[in-house]
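J.:
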Amino acid sequence: MDEITPEWLETFSVASYYPMAGLLAKEDFAFLCRQPGFDLSLHRKLRRERLRIFQQYLSRLIIDFNRLHTATCIILANCGDDKSDLFTRLIFLKLRFTAAVIQAQASYFLCCAGFDSLAVRGLILRLEEMSGQLSAVSAAQLA
C-alpha cells in the first residue's frame with residue numbers, strides 16, 4: 370500500500386472520483402455519432418478507452434479507501450479508549466465497500482460484453498463514508 374502522509378490526507382478528495390460515473394455517458398457517444406466521418410470503430414475505441422480508464426479509477430479508489438481505512442484504524446488504536454463499536458463499524462464498512470467493488474467489477478465485465486452502465490454509485494458512497502469516518506475520528510481525537 371502507498372504511504373499515508375499528512376500531505377496525502379490533506380489533499381485527498383472524494384470528488385476526484387465523481388467523473389467515474391460519466392465514463393460511459395450516452396451523451397458522449399451520441400455526440401460522437403453525430404460527427405462527420407463517424408465510424409463504428411471510433412465508438413468501439415472510445416468505449417474501450419473509457420473502460421480502461423474506469424479500471425484505473427477503480428484501482429486508485431481501492432487504494433485510497435484502504436489508506437483511509439488504515440489511517441482511521443491507526444488513530445482508533447492509539448486513542449486508548451474502548452472504541453470497539455467504531456472498529457465494528459469500520460469492519461462492516463469495509464465489507465460493504467468490498468461488495469461495491471465486486472458489483473463494480475461485475476458491471477465492468479458486463480460492459481465489456483456490450484451492456485451500458487458501470488456500477489459506480491456504491492463505490493463513491495462507501496468512499497465518502499470512509500472519508501467521513503476518518504474526519505470524525507480525527508476531530509474527536511483533537512478535541
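Heads up, the sequence shown is in the numbering used here, so the first residue is 370 and it goes up one at a time.
All residues carry an ideal CB built from backbone N, CA and C; glycine is no exception.
1. Please name the residue, chosen from S500, L496, L503, V470, that lies closest to L487 on a Cα-to-Cα basis.
2. Under 8 Å, with one C-beta from each stretch per pair, do the region 434–445 and the region 384–399 reach the 3-pair mark?
3. Below 8 Å CB to CB, which residues in the same chain sit around A468 once its five sequence neighbours on both sides are set aside?
4. Are the beta-carbon atoms belonging to Y477 and F423 less than 8 Å from one another?
5. Taking Cβ positions, are F466 and R495 nearer each other than 8 Å?
6. Can you look up G483 in the DSSP assignment and give me helix, strand or coil?
7. Among the residues of its own chain, which have a CB less than 7 Å from the CB of L503, if the five just before and after it don't count?
8. At 3 residues or longer, and completely inside the region 411–437: list those beta strand (DSSP E) runs for me, N to C.
9. Pick out whichever of Q510, V383, E376, L378 has its Cα sitting closest to the Cα of G449.
T.: Judging by the given coordinates:
1. V470
2. no
3. G491
4. yes
5. yes
6. coil
7. L437, A440, T441
8. none
9. Q510
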